[in-house]
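**Q**
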Amino acid sequence: MPERNEAALEFLATRRSHPPKLLTAPGPDRAALRDLLTLAARVPDHGKLEPWRFVVMGRERLDMLAPLLRDAVLADGQDQAQADKAASALASPVVVAVVFSPKDSPKVPAWEQELSAGALCLGLVNAALASGWGACWLTGFAALNHDFGRTHLGVRPQERIAGLIHIGTRGSTPPERPRPEIDAITTWL
């Protein structure tokens, strides 16, 4: 009979993301962030390619980026409300961009490397939540617009942002959301 880790199972059964609007200062300091990044990096990575990297943005950098993001959204043809919403997502105390950085490999296809970057995003959210922080994984214009990522976050031409992980002090508890009906999405063979 396997040995159960009840605390881990309880964490997984009750974990929930904390949207940026519910995160307040302070965020984790550099040492705490380094610990979170170390935990997050313990993901499946076939071939030990490390097809991802981190770009950590603190409050000063986020304050500088918010108006630039607003302007970029407007230049993209979106309206003021969309631009303000995109910029407001940078109000979190800390945002970590998880950058998918594929490596040439005859054995590990790019899609599998991309899955590793996605696992890293969830690993970072879970590490932050388990450490007592509020956190969530978002994308949005800053992550999906390649020009913005290259110009302001140092994303290289072959890279993409897999996610922006927002981390800060937990504010109010977010409401529970509907979860999938497992029997409706499961096939037993």
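For our numbering, count along the sequence shown from 1 and bump the result up by 175. Glycine included, C-beta positions come from ideal geometry on N, C-alpha and C.
Tell me the start and end of each unbroken alpha helix (DSSP H) in the region 283-337 that is at least 4 residues and wholly inside, in chain order.
**A** Correct list: 285-305, 316-319 and 321-328.
**Q** I'd like the ranges of any beta strand (DSSP E) spanning at least 3 consecutive residues and lying wholly in the region 178-266.
**A** Counting whole runs of 3 or more residues, the region 178-266 contains the beta strand (DSSP E) stretches 227-232.
**Q** Using the C-alpha atoms, what's the distance from V269 back to T199?
**A** As a position in the sequence shown, residue 199 is number 24, starting the count at 1. As a position in the sequence shown, residue 269 is number 94, starting the count at 1. Cα to Cα, T199 sits roughly 10 Å from V269.
**Q** Using the Cα positions of S306 and I340, report the straight-line distance between them to the nearest angstrom.
**A** What you label residue 306 is simply residue 131 of the sequence shown in a count that begins at 1. What you label residue 340 is simply residue 165 of the sequence shown in a count that begins at 1. Taking the straight line from one Cα to the other gives about 15 Å.
**Q** Mind checking which residues open and close the beta strand (DSSP E) that includes A272?
**A** Residue mapping note: residue 272 aligns to position 97 of the sequence shown, counting from 1. Its beta strand (DSSP E) spans residues V269 to F275.
**Q** Could you name the residues of the same chain whose beta carbon sits closer than 6 Å to that of R245, not counting the 5 residues immediately before and after it, in chain order?
**A** If you number the sequence shown from 1, residue 245 lands on position 70. Closer than 6 Å at Cβ, skipping near neighbours: A258 and A262.
**Q** Of the choices T344, R190 and P203, whose alpha-carbon is the least far from that of L301?
**A** For the purposes of this step, residue 301 is identified with residue 126 of the sequence shown, where counting begins at 1. Going by the sequence as given, residue 301 is Asn instead of Leu. It is R190 whose Cα lies nearest to the Cα of N301.
**Q** With a Cβ-Cβ cutoff of 8 Å, do C296 and G338 count as a contact?
**A** Stepping through the sequence shown from its first residue, residue 296 is reached at position 121. Stepping through the sequence shown from its first residue, residue 338 is reached at position 163. A contact, by the Cβ cut-off of 8 Å.
**Q** Quick one: residues in its chain with C-beta nearer than 6 Å to the C-beta of R335, no 5 flanking neighbours on either side, listed in chain order?
**A** Sequence index remark: in the sequence shown, residue 335 carries index 160 (1-based). Excluding positions up to five away in sequence, the list reads F275.
**Q** Can you grab the Cα-Cα spacing for the pair S347 / S280, in whole Å?
**A** Locating residue 347 in the sequence shown gives position 172, counting from the first residue. Locating residue 280 in the sequence shown gives position 105, counting from the first residue. S347 and S280: Cα-Cα distance of roughly 45 Å.
**Q** Buried or exposed: H321, going by 16 or more other Cβ atoms within 10 Å of its Cβ?
**A** As a first step, residue 321 must be located in the sequence shown, where it is residue number 146. Exposed, since its Cβ has fewer than 16 Cβ neighbours within 10 Å.
**Q** So, T314 versus P201, is the Cβ gap smaller than 8 Å?
**A** Your numbering for residue 314 matches position 139 in the sequence shown. Your numbering for residue 201 matches position 26 in the sequence shown. No. Outside cutoff.
**Q** Going along the chain, which residues of its own chain have a beta-carbon closer than 8 Å to the beta-carbon of G293, five neighbours each way excluded?
**A** For the purposes of this step, residue 293 is taken as residue 118 along the sequence shown, with counting starting at 1. If we look at G293 and ignore the five residues flanking it on each side, its Cβ neighbours are A337 and G338.
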